[in-house]
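Asks:
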């Protein structure tokens, strides 16, 4: 008799859990992109979150900076947003990852930074994409010295309007 009661309880619990799983799956399916965007922007702030109007919102990182994942020549690169940087400045590692041939450097530029001058090779990137935003033929430089993050500077940002408020960066276009 006790065996039948235990079997009934186990079957009842199984049905309850299956119902919970089905209802949760239906909810997730109905919310799809909204939940995915919210999850990504919370746990992977550099991925950004697409807003209803088409803008993209990024959350400030724990270190006080904004990191933005962009596709350079269809390769993912995580950039440090630097509104003080004239150009996109790629590390050598990121440039190679994006398929940029370092033999095709079109001269050198000297940049003034907080840590002094740096020399970087000038390149043109055929395509940079963040979310649905695509910019073609962007001027960039490849730093000949090591750097921890590539910089997303004004040669890309000039194509956008952006606001920074409440630890959020919002990129949008007209």
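In our numbering, the protein residues as written are 553 to 726.
Ideal Cβ positions, reconstructed from N, Cα and C, are used throughout, including at glycine.
#1: Between residue 697 and the rest of its own chain, which residues show a CB-CB distance below 7 Å, the 5 nearest in sequence each way excluded?
#2: Are the Cβ atoms of residue 622 and residue 704 separated by less than 9 Å?
#3: Beta-carbon separation of residue 699 and residue 624 under 9 Å?
#4: Tell me the start and end of each unbroken beta strand (DSSP E) in the stretch 598-669 that is at least 3 residues and wholly inside, in chain order.
#5: Exposed or buried, which one is residue 565 when buried takes at least 16 other CB atoms within 10 Å?
#6: Taking the alpha carbon of residue 682 as the reference point, which residue from 558, 633, 562 and 608 has its own alpha carbon closest?
#7: Taking the alpha carbon of residue 695 as the reference point, which residue from 701, 672 and 686 has its own alpha carbon closest?
#8: Nearest by alpha-carbon distance to residue 652: which of 665, 680, 668 and 637 is it?
#9: Could you give the residue range of the alpha helix (DSSP H) that holds residue 707?
#10: Under three-state DSSP, which class holds residue 684?
#11: Run through DSSP, which three-state label would residue 565 get?
Replies: According to the structure shown:
#1: 670
#2: It is a contact, given that the beta carbons lie within the stated cut-off.
#3: no
#4: 608-611, 619-624, 627-633, 640-642 and 660-665
#5: exposed
#6: 608
#7: 672
#8: 680
#9: Looking at the DSSP string, the run of the alpha helix (DSSP H) that includes residue 707 is 706-709.
#10: coil
#11: Helix.
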